[in-house]
Amino acid sequence: MEKDDLLKKWLNHKLTQEELQAFKQREDFAELTQLSHALKHFKAPDFHTENALESTLNSINSTNQKRQWYKPLLRIAALLAIGFCVYYYTTTQDTTTKTHIAQKNEINLPDNSEVTLNAQSTLTYNKHSWKDNRDVMLQGEAFFKVAKGSKFNVITDLGTVTVLGTQFNVKQHDNFFEVTCYEGLVSVTYQSKNTKLLPGHRFLIRDGKQVTTGKETVKTPQWLNNESAFKSVPFKYVIAEFERQYQVTFVTDKVDTKMLFTGSFTHNNLEVALKSITLPMHLSYSKTKDTIVLKRE
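Numbering (this note's numbering) for the sequence shown: 2 to 298.
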């Protein structure tokens, strides 16, 4: 049955039950229903149903044409909006690099500054705002070779290191915060107090207290060459670093981890590394899978 004939039968209430159900599925059913209610209350001496029907059909067709005209534009607008959101998100979000146990990673920043990230560390910065804001957030340990330019900040949970262009190392784990200057001048801000470091000097906070240290004689941190070195450091920090470089867990119930340790261990040989940290402390160890139990000899 033609749509116009179906509409006429509906206006005259002559649709069968089956035809009525089909008629209700029309997209313009709601508009036609409103029109029908309006016509019931409209009275005029020269009103002709056929003319009204023709006018209504023309109106509906015009409306459908308008809908067909702007639907593609709505789709285009939606795609443009999605594209803009994706572009904005991908160009303004932070860039984060993480390392796992026994892993190191070299990072080139937008100004060609170089960062070497030690094991189990995280570095975060924003490429979009880099020209105006050379800030990086660090959790863990990293060695920096900073290109000369505007102020460069390394922000950690315990303090901020500020330079213009230099080489330095920053280590921050829990209550341990250490900054070593190897070239240029480094400024360290800790609890609103500012300290300047010349080459070879270190700033060390351990368990909330500042510790005086001797002058550093090497040109770069030893961990870059796969060896962790310590000078009068509580043994608990040595163990923590060992666990970051090897896939092991220590059990230290029977030893005093506050004892000071001076020495180093390699990152390339587990057995040699274990002997390097236990023999100077007069400790023995037993190893089961990835668990190492330490005890006094």
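Think of the CB as a built atom: it goes at the ideal place given N, C-alpha and C, for glycine as much as any other residue.
Please state whether DSSP places T279 in a helix, a strand or coil.
helix
So, at 8 Å on beta carbons, what are the nonlocal neighbours of L271 in its own chain, with the 5 sequence-adjacent residues on each side left out?
Y247 and V249
I need the DSSP call for Q173, collapsed to helix, strand or coil.
strand
What residues match up with A1 in a beta bridge as DSSP calls it?
Nothing can be reported for residue 1: it is not among the residues displayed for the chain, which extend from 2 to 298.
With DSSP run on the structure shown, which of helix, strand or coil describes L159?
coil
Could you check how far apart the C-beta atoms of K128 and P111 are, in whole angstroms? I think they sit under 8 Å.
6 Å
On the criterion of 16 or more Cβ atoms from any shown chain inside 10 Å, does H283 qualify as buried, or is it exposed?
exposed
When we look at the beta-carbon of N109 and count the other beta-carbons within 10 Å, is it buried (16 or more) or exposed?
exposed
So, does the stretch 191 to 203 touch the stretch 140 to 151, judging by three or more C-beta pairs under 8 Å?
no
Mind checking which residues open and close the beta strand (DSSP E) that includes I293?
T292 to R297
Below 6 Å CB to CB, which residues in the same chain sit around T125 once its five sequence neighbours on both sides are set aside?
D95, T97 and M138
Alpha carbon to alpha carbon, how far is S122 from L225?
14 Å
When burial is assigned at 16 or more other CB atoms within 10 Å of the CB, is K44 buried or exposed?
With a pLDDT of 49 at K44, under the threshold of 50, the modelled position of this residue cannot be trusted, and the question is left open.
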